[in-house]
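Step one of this worksheet: look at the structure below.
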Amino acid sequence: MDEQGLNDAAIMLMSLGEEEAAEVFKHFSPKEVQKLGETIARMRSVSREKVDQVINKFSNAASAQSLLVSDTGNYVRAVLKRALGDDKAGLLIDRILQGGDVSGIESLKWMDPLSVAELLRNEHPQIVAAILVHLDSDQASGILMHLTDRQRSEILLRVATLEGIQPTALKDLNEVLFKVLAGGDKIRKSSLGGVKAAAE
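Position 76 of the sequence shown, counting from 1, maps to 348 under our numbering, and the rest follow consecutively.
Written out as structure tokens, the structure reads:
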């Protein structure tokens with residue numbers, strides 16, 4: 273999001289009120305929350321005219337969007353395949369369209385790289401690779417920097433050759449990860465047997 277987009281989003285959020293803005297914030301990534309929060313904190317005063325202008329801009333964009341595409345899943349699949357080719361788009365399409373609850377993996381996005389690295393340090397490289405591809409690239413590289421050279425090599429090899437994860441395997445991995453984060457336990461490989469097999 274560029275500077276103007278951040279300013280417009282910040283003005284829009286401020287015009288919503290606290291409860292509604294909080295609901296909108298739930299749909300942003302940690303990095304987006306931070307950038308928007310910083311932008312809002314820097315704002316001093318905004319004219320009524322500017323607020324109306326931003327609201328109209330968002331309203332017009334939303335109206336235009338709803339008329340453009342009805343089958344968004346196929347649209348995303350077609351655009352990404354055209355842009356990236358079948359091989360590169362495959363993993364990204366799985367990640368975008370898999371659906372379901374990924375709260376366990378999502379919660380890692382709010383953790384610092386060192387904490388995630390500690391959590392994953394003793395896991396099979398394939399499991400770590402399956403998790404890292406669902407994180408922001410900056411966070412994933414930060415996590416890798418806290419692992420040994422050997423672990424990094426094995427994980428990067430698996431990330432490079434990962435073509436996709438079965439939705440059921442991802443669901444299993446997510447459920448186990450959610451329990452680990454809730455209870456502070458280590459991931460037990462025995463409980464991820466199906467995920468490991470599907471991911472490999």
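Glycine included, each C-beta is placed from N, C-alpha and C at the ideal position. No experiment lies behind these values; they were computed from the predicted model shown.
Other residues of its chain near residue i: CB distance less than 6 Å, five sequence neighbours each side excluded
i: residue 379; result: 453
i: residue 392; result: 400
i: residue 330; result: 284
Cutoff 7 Å; reference residue i; Cβ partners in own chain excluding five residues on either side
i: residue 388; result: 380 and 415
i: residue 447; result: 376
i: residue 401; result: 427, 430, 431 and 434
i: residue 302; result: 381 and 382
i: residue 386; result: 418
i: residue 326; result: 280, 283 and 284
i: residue 235; result: The requested residue 235 is not part of the displayed model; the chain covers only 273 to 472.
Where the alpha helix (DSSP H) through residue i begins and ends
i: residue 473; result: The structure shown does not extend to residue 473, since the chain is modelled only from 273 through 472, so no value can be given for it.
i: residue 287; result: 275 to 288
i: residue 304; result: 302 to 314
i: residue 404; result: 397 to 404
i: residue 391; result: 385 to 392
Cα-Cα separation between residue i and residue j, rounded to whole angstroms
i: residue 349; j: residue 291; result: 34 Å
i: residue 354; j: residue 296; result: 31 Å
i: residue 285; j: residue 306; result: 14 Å
i: residue 316; j: residue 279; result: 12 Å
i: residue 440; j: residue 409; result: 24 Å
i: residue 405; j: residue 450; result: 17 Å
i: residue 321; j: residue 275; result: 19 Å
i: residue 288; j: residue 411; result: 31 Å
i: residue 461; j: residue 313; result: Here residue 461 scores only 41 on pLDDT, less than 50, and its place in the model is too uncertain to base an answer on.
i: residue 324; j: residue 332; result: 12 Å
i: residue 422; j: residue 384; result: 22 Å
i: residue 334; j: residue 397; result: 42 Å
i: residue 445; j: residue 319; result: 49 Å
i: residue 294; j: residue 309; result: 11 Å
i: residue 476; j: residue 346; result: The question about residue 476 has no answer here: the residues shown for the chain are numbered 273 through 472.
i: residue 304; j: residue 442; result: 25 Å
i: residue 351; j: residue 420; result: 38 Å
Cβ-based burial, residue i [other Cβ within 10 Å; buried from 16]
i: residue 299; result: exposed
i: residue 277; result: exposed
i: residue 311; result: buried
Same chain, Cβ closer than 8 Å to residue i, neighbours up to 5 away in sequence not counted
i: residue 390; result: 418
Contact with chain D by residue i, beta-carbon distance below 9 Å
i: residue 399; result: Looking at the structure shown, chain D is missing, and only one protein chain is on hand.
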